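Chains as they are written, first to last, in UniProt numbering: chain A, 1 to 353; chain B, 1 to 353. To start, the structure itself, in structure tokens.
There are 2 protein chains.
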Amino acid sequence: MKVTINDVAKHAGVSMKTVSRVINKEPSVRKKTYDIVMQAVKELNYQPNTAARNLAGTSSFAIGLVYDNPNAYYIIDMQNGVLSRCKEEGYELVIHPCSASDPDMQQEIATMIQRSRLAGLVLTPPLSEQKHIIQMLDDLGITYVRLLSGQNNDPEKEQGSTAEHRHNNCIYVDDYAAAYEITEHLINLGHKTIAFACGDAEHKSTTERLAGYKQALDDNQLEFNDALVYGGTYSFESGVEGAKALLKNNNESGITAILGGNDEIAAGALFASRLMNIAIPEQLSISGFEDSPFSRQTWPKLTTAHQANSVISEHAARLLFSKTRGSRSHDKDIITTFTPSVVIRESTGPAPK
Amino acid sequence: MKVTINDVAKHAGVSMKTVSRVINKEPSVRKKTYDIVMQAVKELNYQPNTAARNLAGTSSFAIGLVYDNPNAYYIIDMQNGVLSRCKEEGYELVIHPCSASDPDMQQEIATMIQRSRLAGLVLTPPLSEQKHIIQMLDDLGITYVRLLSGQNNDPEKEQGSTAEHRHNNCIYVDDYAAAYEITEHLINLGHKTIAFACGDAEHKSTTERLAGYKQALDDNQLEFNDALVYGGTYSFESGVEGAKALLKNNNESGITAILGGNDEIAAGALFASRLMNIAIPEQLSISGFEDSPFSRQTWPKLTTAHQANSVISEHAARLLFSKTRGSRSHDKDIITTFTPSVVIRESTGPAPK
DNA sequence: TTAATTTTTGACACCGGTATCATAAAATAT
DNA sequence: ATATTTTATGATACCGGTGTCAAAAATTAA
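In structure tokens, the structure reads:
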């Protein structure tokens, strides 16, 4: 029933080590031998036993994906992107949802790494931003890749000694640029009083998006007003609350557009507007951020910044693999900075007079 | 740095086999010995190496979760439920998204099982309903649990010989009852012309929900009308199309309520109503099914049938473990049939006169 | 108290690969 | 053609646990 490397070796008339070489695509195997072995592999339908490889090898054929993020769409995209690369490389994926509020989190991650002898880790925000996690991974000496909000400027310069400053293992999403772009879109529509309903303050993405928004205002001679910024979380409920707070007293601030920290916030704002009988986009424009499927399922559909999460995570995995194995993959194919692009739908329109 | 079972054995002054017994909670270890070993485990912070256990043991300490379902919320819940049980049991989870349209799917699943020597598999619909998959798993002799739509009636009677008829490895969601309940809710609100926007026809859940709907109509002396059933898919877009089709020609059929096959369909119907300037719930009631977070983020919020996906999947994992290991867990704690319960929100209301 | 039985524990051979290093074969130089 | 270098292959010792079976210790019976 189950075929082992020895069966293949016998069938092909070579040693088991040669079979091992072939399936691991090691160099220095003659073309002819390679073909013979592959033939045997096919004929016997041989599947290398993961456990055995993991045990015998220096590191296992598995990587981990760690996340602390309640956004289902985001997570699924992350998983799928990483999985597709894993499949390509013949690796397994160990997923690890966790919660920053859990005091054992750090220990748990360490345990997981140790038990499964993971070859590497992909960290998504906001975990990827936490110093103590990074510190721990460095202490453990494990390879990892971080998904971050920001830009990968001056890579040479950034090769700092401390982990937080070493940026050659990061994939960036340029939220700053995207927020700038989307704010500009609103400005171009004639909006002058644009509010921003932020996500969690601790997330780097919030800071970045806020900065991009500010810069866009500034570059267009619009004054930044602190009262137009609502600090919340990346959730629908926060969007509802945010919109209510921003538009209080019959919109005394004269807001004509709200930039949502993400699609959920925007959807919440949409919901609140509905409650307050505000027509979108005639009386108020609302934009989201991320372009999750969600943004196409609201009324009206959301203008947002498209973020190709599964592509991003696939590249994160690519980068990770380029660091673990003898970098079989070409680092050059790896994109390390992604900039979401504005997708215009029906939730934004010309500013009312 | 890394602690092995031998280190623990030495530290505790016992043989490595005894340590193995302790960490596997095997019987016939004296309390005193057990304590000594556990003490050593703690002191050294020993983590058993998964790969080694998998290799040496009869089956590996990992189970698989296979799904072909585009619904992110659903998948995340499934994963989390199964994961929580895995954590409890010290197992790993191998996730495997796949697509029925992929001709290699079956082979891929077989490969995964073989490579990772999975101890078992949890199958979610619609994969869990496909005969050829079940057949294959049986041929492979692997343990699995299926999540199905239906009821677990007459368990004794059902112990048929063919896999499709063996139902002691299934967890049921009673969509029939839930659909009945939700339809009745609409009827009680005075609705007499209730449409049903179905999900994918091949899904058992569609058949079940439809049957429950029909029965409720019947029990309340309302005639079933084929023209009021729209056959679509479990997607937002389908909900939009479905509502448009059902309400065509200025709602010539006089529909006052639409039962959505799931929340996404309902959200789509909501969207379409908006397009057609139909007020919800004043002119038309719409209900969803599943109670995904989604149903709380539409306007108005959806009346729906709450389905505790993460609990369901946790029980699926429970059931699986009860079959794989020496059934350490008590089968009696396992619920095998779940009935979603109606959650009333704002998308349904009294029928218009 | 000793024999018989049951419960605990340990020695050791695997599980199915990879890593190392020696050896054989092929390519190149002399 | 032979010596030398390079490249391809194989023998064998692990990796860190589990399973088997026999030995030792603890219980119970006689």
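Backbone N, C-alpha and C fix where the C-beta goes; we use that ideal spot for every residue, glycine too. Predicted, not measured: the structure shown is a model, and the values here were computed from it.
Listed in chain order, the non-local C-beta contacts of Thr-303 (chain B) below 6 Å within the same chain comprise Ser-287, Ile-344, Arg-345, Ser-347, Thr-348, local neighbours out to five positions each way being set aside.
The region 20-79 of chain B is shown to contain whole alpha helix (DSSP H) runs of 4 or more residues at 31-44, 50-56, in chain order. Interface criterion met: the Cβ of Val-94 (chain B) is under 8 Å from a Cβ in chain A.
Chain-order list of chain B residues neighbouring Asn-80 (chain A): Pro-97, by C-beta distance under 8 Å. Nearest C-alpha to Ser-285 (chain B) among B:Glu-314, B:Lys-323, B:Val-19, B:Lys-353: B:Lys-353.
Per DSSP, Arg-146 (chain A) is one residue of the beta strand (DSSP E) stretching across 144-149.
Listed along the chain, the chain A residues whose CB falls inside 8 Å of the CB of Ile-76 (chain B) are Ala-72, Ile-75, Ile-76. Asp-104 (chain A) and Gly-260 (chain A) have their C-alpha atoms some 33 Å from each other. Ala-72 (chain A) counts as buried, since at least 16 other C-beta atoms from the protein chains shown sit within 10 angstroms of its C-beta. Taking 8 Å as the threshold, the shortest C-beta distance from Pro-48 (chain B) to chain A falls below it. Counting only runs of at least 4 residues, the region 199-257 of chain A fully encloses the following alpha helix (DSSP H) elements, listed from N- to C-terminal order: 204-219, 236-246, 248-251. Contact of Thr-256 (chain A) with chain B is not assigned, every C-beta pair being separated by 8 Å or more. Straight-line measurement puts the Cα of Asn-309 (chain B) at about 20 Å from the Cα of Asn-168 (chain B). In terms of beta-carbon proximity, Arg-117 (chain B) lines the interface with chain A, with at least one pair separated by less than 8 Å.
When DSSP states are grouped into helix, strand and coil, Pro-126 (chain B) belongs to the coil group. A Cβ-Cβ separation of about 18 Å leaves Gly-150 (chain A) out of contact with Val-311 (chain A) under the 8 Å criterion. Taking C-alpha positions only, His-191 (chain A) is separated from Gln-307 (chain A) by approximately 24 Å.
In the three-state reduction of the DSSP assignment, Glu-181 (chain B) falls in the helix class, which pools H, G and I. The three-state secondary structure of Ile-109 (chain A), taken from DSSP, is helix. Its chain contains Ala-179, Thr-183, Phe-196, Leu-259 as the residues whose beta carbon lies nearer than 7 Å to that of Tyr-213 (chain B), once the 5 sequence neighbours on both sides are disregarded; these appear in chain order. Fewer than three Cβ pairs drawn from the region 241-251 of chain A and the region 216-225 of chain A lie within less than 8 Å of each other, which leaves the two stretches out of contact. According to DSSP, residue pairing for Val-343 (chain A) in a beta bridge involves A:Thr-304.
When 7 Å is used as the limit between beta carbons, Lys-42 (chain B) is near no residue of chain A, the shortest such separation being about 13 Å. The residue among A:Tyr-176, A:Val-94, A:Ala-52 with its C-alpha nearest the C-alpha of Leu-65 (chain A) is A:Val-94.
Among the residues facing chain A, Ala-269 (chain B) is not included, as its CB has no counterpart in that chain under 8 Å away. In terms of Cβ geometry, Cys-198 (chain B) and Leu-210 (chain B) form a close pair [threshold 8 Å].
Ranking B:Gln-107, B:Ile-280, B:His-96, B:Ala-272 by CA distance to the CA of Gly-239 (chain B) puts B:Ala-272 first.
With the rule of 3 Cβ pairs closer than 8 Å, the region 20-33 of chain B does not count as touching the region 108-116 of chain B.
Contact annotation for Phe-236 (chain A) against chain B: Pro-293, Arg-296, Gln-297 [CB-CB distance below 9 Å, chain order]. Distance from the CA atom of Met-78 (chain A) to the CA atom of Pro-126 (chain A), rounded to whole angstroms, is 14 Å.
Here Ser-292 (chain B) is not bridged, per DSSP, to any residue. Rounded to whole angstroms, the separation of the alpha carbons of Pro-293 (chain A) and Arg-21 (chain A) is 44 Å. Two segments are said to touch when three or more pairs of C-beta atoms, one from each, lie closer than 8 Å; by this definition the region 6-17 of chain B touches the region 31-49 of chain B.
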